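Enquirer:
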Ligand SMILES: Nc1ncnc2c1ncn2[C@@H]1O[C@H](COP(=O)(O)OP(=O)(O)OP(=O)(O)O)[C@@H](O)[C@H]1O
Ligand SMILES: [Mg+2]
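Residue numbers (the UniProt record's numbering), protein chains in the order written: chain F, 1 to 280; chain B, 1 to 353.
1. Let me know the secondary structure DSSP gives residue 183(B) once reduced to three states.
2. Between 54(B), 297(B), 253(B), 316(B), which lies nearest to residue 306(B) when the distance is taken from Cα to Cα?
3. Which residues mark the beginning and the end of the alpha helix (DSSP H) in which residue 121(B) is found?
4. Note the first and the last residue of the continuous alpha helix (DSSP H) segment covering residue 24(F).
5. Return yes when at least one heavy atom of ligand 2 lies under 7 angstroms from the C-beta of residue 9(B), else no.
6. Closer than 7 angstroms to a non-hydrogen atom of ligand 1 - does that hold for the CB of residue 20(B)?
7. Step through the CB atoms of chain F and report whether any lies within less than 8 angstroms of the CB of residue 340(B).
8. When the Cα atoms are used, what is the spatial distance from residue 227(F) to residue 249(F)?
9. Kindly indicate if chain B contains any beta-carbon less than 8 angstroms away from that of residue 192(F).
10. Of all the options 134(B), 89(B), 276(B), which has the alpha carbon lying nearest to the alpha carbon of residue 182(F)?
11. State yes or no: is the beta carbon of residue 100(B) nearer than 8 angstroms to at least one beta carbon in chain F?
12. Would you kindly work out how many angstroms separate the C-alpha atoms of residue 175(B) and residue 198(B), rounded to a whole number?
13. Any chance you could list the alpha helix (DSSP H) runs of at least 4 consecutive residues sitting entirely within the segment 130–188 of chain B, in chain order?
14. Cβ-heavy atom distance between residue 65(B) and ligand 2 below 7 angstroms?
15. In angstroms, rounded to a whole number, what distance separates the CA positions of residue 236(B) and residue 308(B)?
16. Looking at the unbroken beta strand (DSSP E) that takes in residue 308(B), where does it start and where does it end?
17. Give every residue of the same chain whose Cβ lies closer than 6 angstroms to the Cβ of residue 86(F), excluding the five residues on either side of it in the sequence, and list them in chain order.
18. Throw me the rounded Cβ distance for the residue 79(F) and residue 241(F) pair, which I believe falls under 8 angstroms.
19. Expressed to the nearest angstrom, what Euclidean distance is found between the alpha-carbon atoms of residue 271(F) and residue 96(B)?
20. Taking C-beta pairs closer than 7 angstroms, name the residues in chain F that residue 119(B) reaches, listed in chain order.
21. Look at the alpha carbon of residue 234(B) and the alpha carbon of residue 210(B), and state the distance between them as a whole number of angstroms.
22. Can a CB atom of chain B be found closer than 8 angstroms to the CB of residue 181(F)?
23. Less than 8 angstroms between the CB atoms is what I'm expecting for residue 293(B) and residue 246(B), so what's the real figure, rounded?
24. When the Cβ atoms of the segment 141–155 of chain F are set against those of the segment 54–67 of chain B, are three or more pairs found closer than 8 angstroms?
25. Which residues in chain B have a C-beta closer than 9 angstroms to the C-beta of residue 177(F)? List them in chain order.
26. Would you call the CB atoms of residue 61(F) and residue 52(F) closer than 8 angstroms?
27. Is there a C-beta anywhere in chain F that falls below 8 angstroms from the one on residue 136(B)?
28. Does chain B have any CB closer than 8 angstroms to the CB of residue 245(F)?
Here's what the structure looks like:
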């Protein structure tokens, strides 16, 4: 038996939607405009961070002096360290919690309120950040007063909470894509539940966990609104410091710090993509 | 020996519950190649998963060598599974996959590495120990899955349609390889398939299932020549099912009568059927074709068509009561011609329903 349709693909040429869309007038132009307005400011910022001049509009000569200045600035170093401390700690906590949440919602079988749990975990993504920030501020003020505890812990706690959904999404996505038969096979081969997790689930889940952790790290590192309201005295993070500086006008020093921040973020996001693609 | 006692498995809770298995009882002898055969959705995988421990029975008990195991976790049962999609651990080498069970059982390193070597030899993959599993062909992955499941020397090996993903030629090769492995290891194999040819070729015993129940258990020959019910006769192959009248019994034989000819004493699936209309299994190769007027004819009908297939021809006929039957003959008659049929009474078999 022959199949005339299958043998002659030319008879049924597929019309692809994206082709049609690309032919629409203005489509290409609008795309380029969007890209321009997205990335031109960043490009300008990066270029002028290497400018050997105080001006951020007039180019004179290439120089690394603003990087040196930024690195020599004690305030910048301090706030960068606080940013790192908060972001790293919050990332670890948020990733562990998100992994447990993903395991419970994707592998724990059906339990009462599972859909509600998933919705609740993701809900913070939907609430305007300023609302969360104000709510956290007043709630933490009460707690601070009641417990008498002060310190960076509160800021880390706030960051952990808003990082959880960002870490949860890629972990849960990876887990749902992963057939449960690997874990069944391990259990079948005499692995107790925690051994199944250690030898099979976690290694296979790792790209998702790393992606989640990096997303959480970047989100924490970039955060302004919640940090602005929750951070106590002496807990200035890098974005807050930059914000304070540009009130007095943009300086090439701020450009240099921002460029470093961009580099770190881009590296993280790129790594995330690579990790997610690796096991596909 | 696996003893499945009155096992029922329901999925879901409340009114829309699905009964995947209803009161199944089964004895799987030690050291046998035992096949679960049945159409899609009849509960084969469910029964296998209950034995492996991935599901717990809603009712009933499963015993292994007399000890109840129905409520143990999978890692507490000396039972291993070859999964349909193999489920090899993609982040481990071939050798580590094979050694995983022993590693979890905390066996000494030396024992693990000798067993891995033995297993690689057994499945003829010696050169592949350090390969990643995604660098293997389907047939090689299949054999790694077998080696991995056999390495801990389980009492029972469960195989859920392990050959369905392979092409025909590879499948034939793996069929004899599986038989060989079962013979060499002496481990009880419980094999799931919906391919009756595969089941007949490989098994010591077959359990034919339908709709969550076991319909018949027997050797391939018993299942093939003495199907108990119309379902089994139909499912196992090209058997004709013909209507007859049951008159009574004579010893362990049933006395039946077709439309014409003499009364015959034949085998019966049950000796407690009520006299009246019954169904009889009649194998195509036991039918002989006579002229229409022949006095010895038991049935009459007309030829629909015939197909030549080398050793003879397969003729389709329509009996006068409308039943279609197939006969294997050397000299086919022309389509449309009227004929009489006769059948070796020793090969007839009264069905239960
Ligand atoms: N987890 C489950 N939840 C609900 N119903 C299920 C579940 N697993 C199986 N069933 C149902 O139980 C019945 C038997 O399924 P099972 O997988 O055992 O069939 P099978 O004989 O293995 O079929 P196949 O040859 O297609 O693999 C089916 O009706 C199926 O829909
Ligand atoms: Mg199945």
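Virtual Cβ for every residue (Gly too), placed ideally from N, Cα, C. Owing to the predicted nature of the structure, the values given are computational and were not obtained by experimental measurement.
Expert: Taking the geometry as given:
1. Taking the first residue of the second chain as 1, we reach residue 183(B) at position 183. Of the three classes helix, strand and coil, the one that applies to residue 183(B) here is helix, per DSSP.
2. As a working mapping, residue 306(B) is identified with position 306 in the second chain. When only C-alpha atoms are compared, the closest one is 316(B).
3. Residue mapping note: residue 121(B) aligns to position 121 of the second chain, counting from 1. Counting along the chain, the alpha helix (DSSP H) containing residue 121(B) begins and ends at 109–122.
4. Numbered from 1 along the first chain, position 24 holds the residue referred to as residue 24(F). Per DSSP, residue 24(F) belongs to no alpha helix (DSSP H) and is neither H nor E.
5. By one-based count along the second chain, residue 9(B) stands at place 9. Flag unset: Cβ of residue 9(B) not near ligand 2.
6. Translated into the one-based positions of the second chain, residue 20(B) becomes position 20. Yes, the Cβ of residue 20(B) comes within 7 angstroms of a heavy atom of ligand 1.
7. Locating residue 340(B) in the second chain gives position 340, where the first residue counts as 1. Judged by the 8 angstroms Cβ criterion, residue 340(B) is not in contact with chain F.
8. Taking the first residue of the first chain as position 1, residue 227(F) is located at position 227. Taking the first residue of the first chain as position 1, residue 249(F) is located at position 249. Distance between the alpha carbons of residue 227(F) and residue 249(F) is about 22 angstroms.
9. Reading the first chain from its first residue, position 192 is the one you call residue 192(F). True, the Cβ-Cβ gap to chain B drops below 8 angstroms.
10. Here residue 182(F) corresponds to residue number 182 of the first chain, with the count starting at 1. Among 134(B), 89(B), 276(B), the Cα nearest to that of residue 182(F) is on 89(B).
11. As a position in the second chain, residue 100(B) is number 100, starting the count at 1. Output row for residue 100(B): interface = yes.
12. One-based indexing of the second chain puts residue 175(B) at position 175. One-based indexing of the second chain puts residue 198(B) at position 198. One C-alpha to the other measures close to 8 angstroms.
13. 138–150, 168–185
14. The sequence position of residue 65(B) within the second chain is 65, counting from 1. Because no heavy atom of ligand 2 lies under 7 angstroms away, the Cβ of residue 65(B) does not count as near it: no.
15. Here residue 236(B) is taken as the residue at index 236 of the second chain, counted from 1. Here residue 308(B) is taken as the residue at index 308 of the second chain, counted from 1. Each residue's Cα considered, the two are about 22 angstroms apart.
16. Position 308 of the second chain, counted from the start, is the residue given in the question as residue 308(B). Unbroken beta strand (DSSP E) run through residue 308(B): 299–308.
17. Your numbering for residue 86(F) matches position 86 in the first chain. Counting only Cβ-Cβ distances below 6 angstroms, and skipping sequence neighbours, we find 155, 156, 159.
18. The sequence position of residue 79(F) within the first chain is 79, counting from 1. The sequence position of residue 241(F) within the first chain is 241, counting from 1. About 4 angstroms; that satisfies the 8 angstroms criterion.
19. Locating residue 271(F) in the first chain gives position 271, where the first residue counts as 1. Locating residue 96(B) in the second chain gives position 96, where the first residue counts as 1. In a straight line, the C-alpha of residue 271(F) is about 29 angstroms away from that of residue 96(B).
20. To locate residue 119(B), count along the second chain from 1; it is residue 119. Those within 7 angstroms of residue 119(B) in chain F number zero; the least Cβ separation is about 13 angstroms.
21. Taking the second chain and counting its residues from 1, one reaches residue 234(B) at position 234. Taking the second chain and counting its residues from 1, one reaches residue 210(B) at position 210. For residue 234(B) and residue 210(B), the distance between alpha carbons rounds to 12 angstroms.
22. Sequence index remark: in the first chain, residue 181(F) carries index 181 (1-based). So yes, residue 181(F) belongs to the interface.
23. Position 293 of the second chain holds residue 293(B). Position 246 of the second chain holds residue 246(B). Rounded, the Cβ-Cβ distance is 28 angstroms, inconsistent with contact.
24. no
25. Walking along the first chain from the start, residue 177(F) turns up at place 177. Those within 9 angstroms of residue 177(F) in chain B number zero; the least Cβ separation is about 13 angstroms.
26. Mapped onto the first chain, residue 61(F) falls at position 61. Mapped onto the first chain, residue 52(F) falls at position 52. For residue 61(F) and residue 52(F), yes; Cβs fall inside 8 angstroms.
27. Position 136 of the second chain holds residue 136(B). Chain F contact via Cβ: absent.
28. Residue 245(F) sits at position 245 when you count from the first residue of the first chain. Taking Cβ atoms only, chain B never reaches closer than 8 angstroms to residue 245(F), which makes this a no.
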